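Right, one structure below, let's go through it.
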Amino acid sequence: MVFRSARRRQRTEPAGIRPRVSQTSLERADFTEFAPEPLAFLGQAACIQLEFFELLAKAVATSPGLAPKEGVSVVAGVALRRHHRLLDEVRAHDGDPVGIMQPFADATLEFREQIQGADWWELLLGIHIASGMLDDYFSHLAQALPRELRERVTELLAPDPRAAGVLEAEIERGIREVPGLGDRLALWGRSIVGDTLLVARSALRGSESGAGPGSGVEPVFTELIAEHTRRMDALGLTA
C-alpha cells in the first residue's frame with residue numbers, strides 16, 4: 003500500500019544498528035510551572051488521541067493481511083477509548099468537548115498529515131514513534147493536574163496490555179521480510195521527531211504566545227529524545 007507522503011525526505015544516508023541504550027524516564031521532570039490548565043490539557047490530549055485513532059483506522063483499512071488488521075484494530079480501540087475517557091473528564095469539569103478541542107484541531111490535523119508516511123510501514127512507524135513519545139509526555143505533564151484528575155489521566159494513558167508490542171512486532175516483521183525497509187524506516191523515524199517535539203512543546207503554558215517556558219524545560223525534551231532513541235534501538239534502527 004502506497005500513500006502520498008506529506009513530507010520530503012532530507013537525508014539519504016543508510017541506517018546502521020545502534021548499540022543498546024539505557025531506558026530513561028521523565029519522572030524527574032517538574033512540570034508544575036509550565037503545565038496548562040486542566041481543560042486545555044484534556045482538550046489537547048483528547049484531540050491527539052482522536053488523530054491517533056484515525057491513523058490507526060487507516061492502518062487497519064490498508065493492512066496487507068487479516069492478522070495485522072486484527073492486531074492493529076486492538077491498538078485503534080485503545081486510542082478511541084482514551085479519547086472518549088478524556089472527553090468524559092472534560093464534561094465532568096463542565097466543559098464542552100468540541101469547544102475545548104477546537105483550538106488544537108488544525109495543528110493536530112497537520113501533525114497527522116506529517117507523520118502518516120508514504121506507505122503502510124511508514125504509517126505504522128509514525129504512529130509507534132509519535133504515540134509513544136506523546137503518551138509518555140502527557141502522562142508526566144499530568145503530574146501537575148489536581149490529584150484525583152491526575153490519577154485518572156495517568157491510569158488511562160498507561161500502556162495497555164492488550165495493545166503492547168503490536169505495532170513493534172509488525173514493524174520488526176517488515177524489516178525482516180522487506181529488503182531495504184530498515185534503512186528507509188530509520189530515515190523516516192528521524193524525520194518526524196521534530197514535529198512530535200513541537201506538539202509536545204505546544205502543550206506548555208505560554209507556548210501560544212511564542213515566548214515558551216525557556217531553557218528550564220529543555221532537559222524534558224532531551225529525555226524525550228532519549229526515549230525515542232530507545233524505541234528505535236529496540237527495532238534495530240538508527241535514531
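Residues in the sequence shown are numbered consecutively from 3, following my numbering. Note that CB positions come from ideal geometry on N, CA and C, so glycine has one too. Only a predicted model underlies this, so the values are computations on that prediction, with no experimental measurement involved.
Taking all protein chains in view, the Cβ of residue 80 is crowded by 16 or more other Cβ atoms within 10 Å, so the residue is classified as buried. Residue environment for residue 148: exposed (fewer than 16 other C-beta atoms within 10 angstroms of its C-beta). The criterion of a C-beta distance shorter than 7 Å is satisfied by residue 114 and residue 53.
Contact check for residue 173 and residue 127: beta-carbon distance about 6 Å, within the 8 Å limit, so the pair qualifies.
Counting every other CB atom within 10 Å of its CB across the protein chains shown gives residue 200 a total below 16, marking it as exposed. Judged by DSSP in its simplified three-state form, residue 39 adopts coil rather than helix or strand. When the five nearest sequence neighbours on each side are left out, the beta carbons in the same chain lying within less than 7 Å of the beta carbon of residue 132 are those of 117, 194, 198, in order along the chain. Given a length threshold of 4 residues, each whole run of the alpha helix (DSSP H) inside the segment 78–166 is given here in chain order: 99–117, 122–143, 149–159.
Closest option to residue 182, judged by alpha-carbon separation, among 168, 235, 123: 123. Note that the C-beta distance between residue 85 and residue 51 is below 7 Å. Burial state of residue 93 is exposed, judged by a 10 Å Cβ sphere holding fewer than 16 other Cβ atoms. In chain order, 158 place their CB closer than 7 Å to the CB of residue 87, counting only its own chain and leaving out the 5 sequence neighbours on each side. The segment 155–169 makes contact with the segment 64–80: 3 or more CB pairs, one atom from each, lie closer than 8 Å. Residue 151 and residue 185 have their C-alpha atoms some 42 Å from each other. Comparing alpha carbon positions, the residue from 105, 58, 57 closest to residue 204 is 105. The residue among 100, 129, 221 with its C-alpha nearest the C-alpha of residue 62 is 129.
For the pair residue 59 and residue 221, the Cα-to-Cα distance works out to about 34 Å.
If you look at residue 222, you'll find it in the alpha helix (DSSP H) that goes 220–236. In this structure, DSSP gives residue 206 a state outside helix and strand, which the three-state scheme calls coil. At the C-beta level, residue 188 and residue 125 stay beyond 7 Å of one another. Nearest to residue 48 by C-alpha distance, out of 237, 72, 101, 70, is 101.
According to the DSSP assignment, residue 173 belongs to the alpha helix (DSSP H) that extends over 168–179. In this structure, DSSP gives residue 198 a helical state, which the three-state scheme calls helix. Taking C-alpha positions only, residue 207 is separated from residue 91 by approximately 20 Å. One Cα belongs to residue 170, the other to residue 241, and the distance between them is close to 15 Å.
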